[in-house]
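Let me begin by presenting the structure, written as structure tokens, before commenting on it.
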Amino acid sequence: MKGFQINIADTLRSSVYFADDYDSFVLKNESLEIAVEGLILNKAPLLKANNTSDFPTLFEKFYKEKKINAIQKLEGEFRGYIWDKSEEKLYVFTNPTATQRVFYSKEKDRVFVDSHLVRLNQTLRETQIRTTPNITNLYQLLAFGNMLENETPVENVYKILDGHYLEIDLKTQVIVQKTYFDLENITYFQGSKEEAIENLNSIFSENIAFEYEKDNELNAKHFTLLSGGLDSRMGLLTAVELGYKPDEAFCFSQSGYLDETISRKIAADYHIPYRFQSLDGGIYLKYIDKLTDLSEGCGLFTGGIHVQYAFENLNPIDFKIVHSGSIGDGILGGFNTAPRRQKPGEFKIVVNKRFLPKVRSAFDEIRNLYESEELFYLRNVAYNRTVLGAQVIQQYAYQTSPFMSQKMLELAISLPEKWKINQKLYLEWLNQYLPNAANYTWEKTGMRPDAQWKSTFGPKVLKRIFKIWNSKITRQTERTSMYPYEFYYYNSRDIQDYYQSYFAGNLWRLENYPELKTDVEFLFSQKDFYQKSQAVNILAIFKLFFN
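As structure tokens, then:
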């Protein structure tokens, strides 16, 4: 495991396990210990602006000038800590999107911090501290597909929220979580829609340049994901327009599905080398323990198993960054269910209504903290669910997205909901600044994204007809999804037997939790694969953490 861990009792003990091929560093002197791990996209511009080549010393200078707010200067995939010995304080931080996770716990007179929940749980147990499951949070996993806010499956262990840091007083061991990147108080954009689209395109292009120049800095090839969606093609085609032609585009899906046919066509038209990984057969559905370990029990393992299979079959791994379009659709309309600001509901978050009553009180309490559904879904769907794929990819390289910079997030949140809903503004941006992106079918709609009406008509009518045609008429169920797990499960006796054996062999782990055990048995008895996998997921979490 990479990352770092810190144990605080009478003294502070830290250990770092950084790779040496990105921007990670440790700086130690009499007054400070600074450790930063990750990929700093704007490292070169910061060095140039300050006329230096020594980044650790530059960051120390930033800290002396701005204290912990120095981390506001960083863009990218990073996490770390600053031990200010003169103030007797420890600051621990994650990046603005919390894609670089950090966990913590306070047990009696000790504080534990770790970039890996599994390792933190192991440390607690080795310190003779008994760890127990947080049953409410496990029901959140069943109801929502992931845990909300800063929760984990382990009682009294929490995650640092996106754009936050911990301030730990080493004299008193008081822990306070504070914000350094805040979207809650963003005011509405004051200019015209045309100006907003111009700003959007400018920031997006700047972010693409940062990412691809980082490849050059690392002396690495340009490697990008490409699917049938809009986000990935916007990134690829903008890179081409800026003179950063990708060296390779990578797609993974069921063979013959729209993701393959669309992405293959785009790559061919722009003469970009193309690699495709078929997900046919679903043998990777057996990666239960592997993906539970990677998700650390905070999200359903099925959200990342196909990504694991795709990347473990890549050979060679000759890149340092995986360019993606992650969360673009979400921040530009996907997280809006009404053309106005409103509090969050259940529509975008609930995946299994059966368990909603068991978490209703906590859910309502969390929802009431938000005036904007968009911010709720950004944290609890994008950051707490969607990013599992990025965490899988990080075994091989850092994943980046031009939609996840601070400037992009601030702009997107400031735009009026009536502009963004149903991807209205997104499509205007695409057709105005990158009209060639509309030459290809949009997987979400089954139509080209060259008119606004298609963004609602396609999913509601055309894609439904397409799904019915393949599942009911031609019986080609495998063609209804990028990765049709249900089809794979019921067409493989080997996979069915594996799940049955896993369930039977691990159900005993819930003996002390009879209500949860009954619910897990019910889930596994259901016909659909999704509920069966939820049951197995709970057992895998107990196997990983508790017994």
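In terms of the working numbering, the sequence shown opens at residue -7 and continues consecutively.
All residues carry an ideal CB built from backbone N, CA and C; glycine is no exception.
In the structure shown, PHE339 falls within a coil segment according to DSSP collapsed to helix, strand and coil. When the beta-carbon positions are compared, TYR481 and GLN492 stay at least 8 Å from each other. Judged by beta-carbon spacing, ILE264 lies beyond the 8 Å limit of TYR432, meaning their Cβ atoms are not closer than that value. Put simply, of ASN423, VAL512 and ASP310 the residue whose alpha carbon is nearest the alpha carbon of GLU240 is ASP310. In this structure, LEU134 sits near ASN344, with a CB-CB distance shorter than 8 Å.
Judged by DSSP in its simplified three-state form, GLN(-3) adopts strand.
Taking C-beta separations shorter than 6 Å and ignoring five residues to either side along the sequence, the partners of LEU140 in its chain run GLN132, ILE358 and ASN372, following chain order. Ranked by how close their Cα comes to the Cα of LEU271, the residues PHE303, PHE51, ASP281 and LYS282 have PHE303 in first place.
Shortest Cα-Cα distance from ASP13 to any of GLY30, ILE(-2), SER23 and SER6 involves GLY30.
If you check the CB distance, TYR418 and LEU222 come in under 8 Å. LYS412 carries a helical assignment under DSSP once its states are collapsed to helix, strand and coil. Look at the segment 74 to 133 and you find these whole runs of alpha helix (DSSP H), each 4 residues long or longer: 109 to 118.
The segment 233 to 252 makes no contact with the segment 103 to 110, as fewer than three CB pairs between them are under 8 Å. Residues PHE196, SER197, ILE200 and LEU426 of the same chain have their beta carbon placed closer than 7 Å to that of THR230, with the five preceding and five following residues left out of the count.
Within 10 angstroms of the beta-carbon of GLN387 lie fewer than 16 other beta-carbons, which makes it exposed. The beta carbons of GLY296 and ASN376 sit no closer together than 8 Å. Between ARG485 and the set ILE275, THR86 and GLN415, the nearest pair of CA atoms involves ILE275. Minimum Cα-Cα distance from LEU277 among the listed residues PHE534, PRO476 and GLU52 corresponds to PRO476. Cβ-Cβ separation between LEU50 and LEU66: approximately 11 Å, too far for a contact (criterion under 8 Å). Straight-line measurement puts the Cα of LYS410 at about 43 Å from the Cα of ASP281.
From the listed residues VAL146, ARG93 and LEU370, the smallest Cα separation to GLY320 is found for LEU370. If you compare the alpha carbons of GLU203, LYS335, GLU402 and THR284 with that of GLN391, the shortest gap goes to GLU203. For the options ASP154, TYR83, ALA443 and HIS315, the alpha carbon positioned closest to that of ILE385 is the one of HIS315. Straight across, the Cα-Cα distance linking LYS206 with SER393 is about 13 Å. Here THR216 is bridged, per DSSP, to ALA241 and HIS315.
Counting C-beta atoms within 10 angstroms of its own C-beta, TYR180 has fewer than 16 neighbours from the protein chains shown and is therefore classed as exposed. Relative to GLN415, the option among LEU401, LYS436, SER397 and GLU402 whose CA is nearest is LYS436.
Classified as buried, PHE136 has 16 or more neighbouring CB atoms from the shown chains inside 10 Å of its CB.
DSSP assignment within the segment 131 to 178 yields the following whole beta strand (DSSP E) runs of 3 residues or more, N-terminal first: 156 to 161 and 167 to 171. In the structure shown, LEU192 adopts helical secondary structure according to DSSP, grouped into three states. Per DSSP, THR3 is not a residue of any alpha helix (DSSP H), being assigned neither H nor E. A direct Cα-to-Cα measurement between GLN523 and GLU513 gives close to 10 Å.
In the three-state reduction of the DSSP assignment, LEU66 falls in the coil class. Apart from the 5 residues on each side of it in sequence, LEU515 sits with its Cβ closer than 6 Å to the Cβ of GLN523, GLN526 and ALA527 in its chain, given in chain order. Under DSSP, SER270 takes part in a beta bridge, and its partners are SER245.
Residue pairing from DSSP places ALA27 in a beta bridge opposite VAL18 and TYR73.
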